[in-house]
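Numbering (the UniProt record's numbering), first residue to last: 1 to 321. Where a beta carbon is used, it is the ideal one built from N, C-alpha and C, also for glycine. Bear in mind that the values here come from a model prediction, so they are computed numbers and not experimental data.
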Amino acid sequence: MSTIDEGVRSMSTAFLFPGQGSQQPNMLHNLPDHTAVKETLEEACDLLSEDVLLMDTEERLQSTITVQMSLLIAGVAAVRALKAEGVTPDLVAGHSIGAFGAAVCAGVMDFKEALSIVKLRGELMERAFPSGYGMGVVLGLNESRLASIIEKYSSLEDPVYLANINSPDQIVISGAISGIEKVLKSVHSNGARKAKILDVSVPSHCKLLKSVSEELSARLRGVNSKQPAVPYAGNRNARPLRDKTEIIKDLTLSISHPVRWHDATSVLYELGARLFIEMPSGHVLSDLAKSAFPYARTFALSEGSITSAVILYDREKGTNG
């Protein structure tokens, strides 16, 4: 076994952190009733100099900045509550903006630094593409088939790119809305089960955000980072990363490269993950894991309680330990 995999048990627990699109109104209000959650919300209020419980309204969540900060706050609050009750991860992975929650969970950076960077990330993204761009999702086509359709309809005026490979047949595309609409109109006749525009106003995870990635890189270079306590599955190359420099690089570059989520979680499974616990908000990632790995257990904290997570964790640990 290589150094990168040292410390990973044969039957392990992976914490998953969702990305933009998983946000829900009242997501911060609906976090578990736990001291660690309350303390994290208070800390976030102090760091941002505002009441974060005013951030999770439907209107405020139209902002990329607010969504990304809310997801980070929710993820870190949930992790702290779980850890306080003895539920600890052996592996972590975060989808897109969720990668920052995963990095905090792994000990690569502290919450204060992550919140500052995530706020900047959202600001840079909103500034780069104020309108006319976004993302869409296609279900029922594989990557190569969808890529060939994109090649047919993408142009300099209406660019479209593969963005997130969430599963072998659930793929998100990114680019100009006009170009995305052309692709989505075509995929049904090519065998897609479903296709729609997502409620996202920025063309994430494609070369259109290269300038944002470069600006973000300058900020991330100044991070007081530490070596991760557990392996972190990279978004961009779907490798288990145990070096802080590689994780910072992934956080920097993934914004302008496709998220290979299915490959990343497959790596976690290969490393022994048999319990996947998804941080708030939503259950998209746990649903994907359940579909991809039928022999693993999945749990979305948004749909359960800290107590339920503890019981499931202890049961798995007792069964497999």
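Use the C-beta contact count for Lys226: other C-beta atoms within 10 angstroms, 16 or more gives buried, fewer gives exposed. exposed
Length of the line joining the Cα atoms of Pro25 and Leu72: 15 angstroms
At what residues does the alpha helix (DSSP H) containing Phe111 begin and finish? Segment Phe111 to Ala128, the alpha helix (DSSP H) holding Phe111.
Can you give, in chain order, each stretch of the alpha helix (DSSP H) that sits fully within the region 159 to 209 and has at least 4 residues? 177 to 187
Cβ of Cys105 within 8 angstroms of Cβ of Pro89? yes
Could you tell me whether the region 12 to 20 touches the region 255 to 275, using the rule of 3 or more Cβ pairs below 8 angstroms? yes
For Val223, which of helix, strand or coil comes out of DSSP? coil
Note down, in chain order, each residue of its chain lying with its Cβ closer than 8 angstroms to the Cβ of Val76, except the 5 sequence neighbours on either side. Result list for Val76: Thr40, Gly101, Val104, Cys105, Phe111 and Ala114, in chain order.
Going by DSSP in three states, Ser305 sits in which element: helix, strand or coil? coil
Can you list, in chain order, the stretches of the alpha helix (DSSP H) that have 4 or more residues and sit fully within the region 226 to 275? 244 to 253 and 261 to 270
Beta-carbon separation of Val212 and Ser174 under 8 angstroms? no
Where do the N-terminal and C-terminal ends of the beta strand (DSSP E) with Tyr133 fall, by residue? Tyr133 to Leu139
Extent of the continuous beta strand (DSSP E) run through Val92: Leu91 to Gly94
Which of the three DSSP states is assigned to Ile277 in this structure? strand
Could you give the DSSP three-state label for Ala300: helix, strand or coil? strand
Rounded separation between Ser2 and Leu241 - CA only: With a pLDDT of only 38 at Ser2, under the threshold of 50, the placement of this residue in the model should not be trusted, and no figure is reported.
Using alpha carbons as the reference points, say which of Ala81, Asp46, Gly19 and Ala36 lies closest to Ile65. Gly19
Under a three-way DSSP split, which group does Thr13 fall into? strand
Own chain partners of Val284 with C-beta closer than 7 angstroms, once the 5 adjacent residues on each side are dropped: Excluding positions up to five away in sequence, the list reads Pro18 and Ser22.
For Gly98, which option in Tyr313, Ser305 and Asp250 has the closest C-alpha, if you only look at C-alpha atoms? Of the residues Tyr313, Ser305 and Asp250, the one whose Cα lies closest to the Cα of Gly98 is Asp250.
Distance, Cα to Cα, Ser286 vs Pro294? Cα atoms of Ser286 and Pro294: separation of roughly 11 angstroms, rounded to the nearest angstrom.
For Ser186, which residues of its own chain have a beta-carbon under 6 angstroms away from its beta-carbon, when the five flanking residues on both sides are left out? Ile149
Hey, residue 322 and Ser204: beta-carbon distance below 8 angstroms or not? Lying outside 1 to 321, the shown extent of the chain, residue 322 is not represented and no answer is given.
Same chain only: Cβ atoms within 7 angstroms of Ala264, ignoring 5 sequence neighbours per side: Ala93, Ala233, Gly234, Asn235 and Ala238.
Starting from the C-beta of Val37, find all residues in its chain whose C-beta is less than 6 angstroms away, skip the five residues before and the five after it, and write them out in chain order. Leu31, Ala77 and Ala81
So, at 7 angstroms on beta carbons, what are the nonlocal neighbours of Lys119 in its own chain, with the 5 sequence-adjacent residues on each side left out? Ile65 and Met69
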